[in-house]
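Right, one structure below, let's go through it.
Okay, structure coming up:
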């Protein structure tokens with residue numbers, strides 16, 4: 012389209028039409044941009060975006076980055092941004108995942124309301140979750156899950172108080188910043204040495220892994236909530252079942268998807284761990300005298316049930 016008019020009129024037209032007027036030196040040049048897909052299937056977006064491309068336009072899929080690269084004229088790119096702006100971002104979408112691994116004395120856990128039937132007051136909220144996929148071979152295991160809203164201050168304060176009197180212990184509190192739709196892994200544990208014999212009959216020392224591992228994949232949803240794909244495994248040594256010096260490993264696994272609000276928290280619990288202590292106190296030497304020794308000694312027996320809880324909080328930190 013050719014416009015013949017005064018300078019003032021042409022400037023007015025340019026001001027009103029803006030990006031929809033192609034300058035021969037700039038707008039006719041192809042340019043490339045990368046857009047990160049917030050949610051939805053990337054393949055569906057590629058199909059729809061192709062309808063807005065010029066004959067020279069190209070769209071490429073960057074699966075690992077959950078992104079697409081579009082090459083086209085600036086006017087076409089501007090139109091795509093206008094139509095699909097809700098679903099696309101020009102910056103990587105990052106989600107911060109904070110994880111706490113906590114051992115809590117069973118009775119105290121229930122006093123906190125972590126019996127998965129209690130109701131939190133104020134801004135807190137719980138929802139029951141069932142049908143968790145559990146794989147295990149040994150141990151006494153009880154698995155449940157609960158959601159909390161963004162504010163966890165009362166629970167954090169209670170756990171901190173429990174730690175001061177030995178009723179709870181935070182094993183670790185790592186955090187990850189994960190790209191939307193990507194997977195992050197948190198792992199901690201020990202390598203347990205044991206004696207073995209190699210093929211030549213020589214003694215050797217081998218190592219067996221006993222680790223607590225959490226794989227988490229967050230995905231932003233259209234309504235602003237976050238889908239968390241969790242894979243939790245806890246492998247702990249069981250020396251009572253050792254074979255030829257090699258300790259057995261108790262295995263515990265959860266694979267489940269959860270949906271939480273942005274900034275919300277999910278609690279997963281947990282492995283029931285029984286601790287039984289047998290002891291004896293009394294007067295040295297005398298307490299070991301046959302028949303009379305029982306008058307000078309006391310036998311102590313205690314039992315403690317602990318549960319492992321995993322607290323996961325997810326929050327979008329970049330758009």
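Residue numbers (the numbering used here): 12 to 330. Ideal Cβ placement from N, Cα and C applies to all residues, glycine included.
Kindly indicate which residue of the options has the alpha-carbon position closest to the one of residue i.
{"i": "residue 240", "options": "300, 248 and 279", "result": "279"}
{"i": "residue 222", "options": "69, 246 and 197", "result": "246"}
{"i": "residue 186", "options": "267, 177, 197 and 276", "result": "197"}
{"i": "residue 83", "options": "257, 181, 116 and 45", "result": "45"}
{"i": "residue 272", "options": "252, 325, 320 and 248", "result": "325"}
{"i": "residue 54", "options": "73, 102 and 63", "result": "73"}
{"i": "residue 107", "options": "194, 24, 62 and 86", "result": "194"}
{"i": "residue 42", "options": "65, 21 and 258", "result": "65"}
{"i": "residue 215", "options": "178, 183, 257 and 182", "result": "257"}
{"i": "residue 61", "options": "51, 75, 76 and 90", "result": "90"}
{"i": "residue 111", "options": "203, 86, 182 and 263", "result": "182"}
{"i": "residue 264", "options": "252, 270 and 242", "result": "242"}
{"i": "residue 220", "options": "104, 259 and 80", "result": "259"}
{"i": "residue 104", "options": "248, 200, 235 and 201", "result": "235"}
{"i": "residue 47", "options": "100, 87 and 85", "result": "100"}
{"i": "residue 79", "options": "67, 52, 86 and 206", "result": "52"}
{"i": "residue 203", "options": "248, 188, 210 and 238", "result": "248"}
{"i": "residue 67", "options": "58, 76 and 81", "result": "81"}
{"i": "residue 190", "options": "19, 210 and 237", "result": "237"}
{"i": "residue 59", "options": "94, 77, 40 and 86", "result": "94"}
{"i": "residue 328", "options": "224, 188, 205 and 201", "result": "188"}
{"i": "residue 87", "options": "98, 323 and 40", "result": "40"}
{"i": "residue 200", "options": "210, 212, 211 and 244", "result": "244"}
{"i": "residue 333", "options": "98, 184, 225 and 270", "result": "The structure shown does not extend to residue 333, since the chain spans only 12 to 330, so no value can be given for it."}
{"i": "residue 69", "options": "212, 224, 205 and 57", "result": "57"}
{"i": "residue 225", "options": "21, 18 and 267", "result": "267"}
{"i": "residue 63", "options": "76, 270, 92 and 75", "result": "92"}
By the 10 Å Cβ neighbour count, where 16 or more other Cβ atoms means buried, how is residue i classified, buried or exposed?
{"i": "residue 321", "result": "buried"}
{"i": "residue 229", "result": "buried"}
{"i": "residue 175", "result": "exposed"}
{"i": "residue 116", "result": "buried"}
{"i": "residue 318", "result": "buried"}
{"i": "residue 156", "result": "For residue 156, the pLDDT reaches just 48, beneath the cut-off of 50, and the residue's location in the model is therefore unreliable, although a value from the coordinates is still provided. Classification for residue 156: buried."}
{"i": "residue 96", "result": "exposed"}
{"i": "residue 23", "result": "exposed"}
{"i": "residue 49", "result": "buried"}
{"i": "residue 102", "result": "exposed"}
{"i": "residue 275", "result": "buried"}
{"i": "residue 300", "result": "exposed"}
{"i": "residue 179", "result": "buried"}
{"i": "residue 208", "result": "exposed"}
{"i": "residue 192", "result": "buried"}
{"i": "residue 16", "result": "exposed"}
{"i": "residue 232", "result": "exposed"}
{"i": "residue 252", "result": "exposed"}
{"i": "residue 227", "result": "buried"}
{"i": "residue 139", "result": "Bear in mind that a pLDDT of 33 at residue 139, under 50, signals an unreliable position, so the number given afterwards is only what the model happens to contain. Its Cβ having fewer than 16 others within 10 Å, residue 139 is exposed."}
{"i": "residue 143", "result": "In this prediction, residue 143 scores a pLDDT of 31, lower than 50, which makes its location untrustworthy; the coordinate-derived value is nonetheless stated afterwards. By the 10 Å Cβ count, residue 143 comes out exposed."}
{"i": "residue 14", "result": "exposed"}
{"i": "residue 261", "result": "buried"}
{"i": "residue 323", "result": "buried"}
{"i": "residue 135", "result": "Residue confidence for residue 135 is low, a pLDDT of 34 falling below 50, so the modelled location carries little weight; the figure read from the coordinates is stated next. So residue 135 counts as buried."}
{"i": "residue 218", "result": "exposed"}
{"i": "residue 133", "result": "Low per-residue confidence applies at residue 133: pLDDT is 33, beneath 50, and the placement is therefore not dependable, though the value from the model is reported in the following sentence. It is exposed - the Cβ of residue 133 has fewer than 16 other Cβ atoms within 10 Å."}
{"i": "residue 277", "result": "buried"}
In terms of residue numbering, what span does the beta strand (DSSP E) encompassing residue i cover?
{"i": "residue 234", "result": "Here residue 234 belongs to no beta strand (DSSP E), and DSSP marks it neither H nor E."}
{"i": "residue 190", "result": "186-190"}
{"i": "residue 106", "result": "105-116"}
{"i": "residue 69", "result": "69-73"}
With DSSP as the reference, please indicate the residues paired to residue i in a beta bridge.
{"i": "residue 248", "result": "260"}
{"i": "residue 221", "result": "201"}
{"i": "residue 100", "result": "47"}
{"i": "residue 183", "result": "112"}
{"i": "residue 239", "result": "229 and 269"}
{"i": "residue 177", "result": "Answer is none; residue 177 lacks a bridge partner."}
{"i": "residue 326", "result": "107"}
{"i": "residue 295", "result": "Bridge partners of residue 295: none, in fact."}
{"i": "residue 90", "result": "Beta-bridge pairing links residue 90 to no other residue."}
{"i": "residue 363", "result": "No answer is possible for residue 363: it lies beyond the span of the chain, which begins at 12 and ends at 330."}
{"i": "residue 275", "result": "Partner(s): none; residue 275 has no beta bridge."}
{"i": "residue 196", "result": "226"}
Would the beta-carbon of residue i be found less than 7 angstroms away from any heavy atom of the ligand MG?
{"i": "residue 44", "result": "Inclusion of the ligand MG in the displayed structure is not the case, the ligand content being empty and no account of it being possible."}
For chain C, find out if any of its Cβ atoms is closer than 8 angstroms to the Cβ of residue i; answer yes or no.
{"i": "residue 56", "result": "Given the protein chain composition of this structure (a single chain), no chain C is represented."}
Where do the N-terminal and C-terminal ends of the alpha helix (DSSP H) with residue i fall, by residue?
{"i": "residue 83", "result": "Segment 78-83 is the beta strand (DSSP E) holding residue 83; no alpha helix (DSSP H) there."}
{"i": "residue 56", "result": "53-60"}
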